[in-house]
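Numbering (the numbering used here), first residue to last: 4 to 347. Quick reminder that beta carbons are idealized off the backbone N, C-alpha and C, glycines included. Predicted model only: the values in this text are computed from it and were never measured. Here the structure is laid out as structure tokens; the discussion comes afterwards.
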């Protein structure tokens, strides 16, 4: 089965078809005709040139398996990054290239990664001196190790090339087992690589995250964001409240989430935003409250995060407001909760 109907994202795991095109071009570069593989898998090659087409992730996984077996190269996923084009991820690729910084680009990846694939979720893990772009597995979904390799390599090359070689990672941690020949990983990323890590994360220094990109163009970035949003809304079938929650989580890292700003992200008025949320039995304030409540538990489980930083991450300007809210949610203070659930 192949999805082509201007791509509606259903409950099934899918990947943008242009990603498969990059995989096929990589296979062709090894001397193997990818057309034969597509025929065997029942994938119409014409779909790979359709910017709105999507493939079932099961088909993508099979394509990755064949890429490895026919090439004999366990690191073939790294090479796929060389065949990714500016149009491979719809307008998202262009927005990344003209982002203000790597941190700005990461925010876009987190917000719009679903247009590439809904097998994984992107997250940003922030630390005192370094931060990581995380590729988190969604429970029940499966993916090929090579797909993660390719995403990591693409993210790395985007940062390296857009910064004119100034931004490089500190380390890379992968869930996959170590391949028989891991040298291609060390050679490409030029940093320590840990395999069987239980997660997929690429780390950069916070200083590098904030360095301005030479190609930054805010006006172009915003124009491309509008195109991404239009495409995103055309393919996403998740509840509107869930999409609002995702926007709130992004805005929360910048301060107290503003309803008008969130409404603007959906190209609608604040009143219409509230109306659509009421239709799903919730409200903007309830969305903010629930997200803060859930994230508070997650952040308190990370010992290196101070109470002050957690409060700011949740959009509380005054840490005492965070303490009062947490007591209302869980009946104890944040410090008591941390001591009880994370004993030394």
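| Check | Outcome |
| --- | --- |
| DSSP three-state assignment for residue 226, whether helix, strand or coil | helix |
| Cut-off 8 Å between Cβ atoms - residues of its own chain near residue 276, not counting five sequence neighbours on either side | 247, 262, 265, 266, 269, 287 |
| Beta-carbon spacing of residue 61, residue 46 below 7 Å | no |
| Endpoints, alpha helix (DSSP H) assigned at residue 180 | First-last for residue 180: undefined, no H or E at that position. |
| Neighbourhood of residue 216 by C-beta distance below 7 Å, restricted to the same chain and skipping five residues each side | 102, 103, 104, 165, 166 |
| Distance between residue 123 and residue 203 (C-alpha atoms, nearest Å) | 11 Å |
| Counted within 10 angstroms of its Cβ, other Cβ atoms place residue 394 as buried (16 or more) or exposed | Here the chain comprises residues numbered 4 to 347, so residue 394 is not present and cannot be evaluated. |
| Beta-carbon separation (whole angstroms), residue 290 vs residue 280, contact threshold 8 Å | 7 Å |
| Nearest-angstrom Cα separation, counted from residue 300 out to residue 342 | 12 Å |
| Residue burial classification, residue 195 (beta-carbon count within 10 angstroms, cutoff 16) | exposed |
| Residue from 138, 158, 33 whose Cα sits closest to the Cα of residue 128 | 138 |
| Beta carbon of residue 93 nearer than 7 Å to that of residue 54 | yes |
| Reduced DSSP category for residue 175 - H, G, I as helix; E, B as strand; rest coil | strand |
| Residue environment, residue 77, which counts as buried when at least 16 other CB atoms sit within 10 Å | buried |
| Which listed residue (296, 120, 160, 308) has its alpha carbon closest to that of residue 333 | 296 |
| With 16 other Cβ atoms within 10 Å as the buried cut-off, status of residue 337 | buried |
| One or two residues paired with residue 206 in a DSSP bridge | 135, 174 |
| Whole-angstrom C-beta distance between residue 136 and residue 231, which should lie under 8 Å | Not a contact, Cβ separation roughly 18 Å. |
| Integer-rounded CB distance, given that residue 134 should sit under 8 Å from residue 207 | 6 Å |
| Where residue 3 sits in the DSSP three-state scheme | Here the chain has residues from 4 to 347 only, and residue 3 is not among them. |
| Buried/exposed call for residue 111, threshold 16 Cβ in 10 Å | buried |
| Residue 4 classed as buried or exposed, judged by whether at least 16 other C-beta atoms fall within 10 angstroms | Since pLDDT at residue 4 reaches only 37, below the 50 mark, its modelled position is unreliable, and no value is offered. |
| Complete beta strand (DSSP E) runs within the region 78–150 (minimum length 3 residues, chain order) | 123–129, 133–140 |
| Cα-Cα separation, residue 309 to residue 303 | 8 Å |
| Counted within 10 angstroms of its Cβ, other Cβ atoms place residue 228 as buried (16 or more) or exposed | buried |
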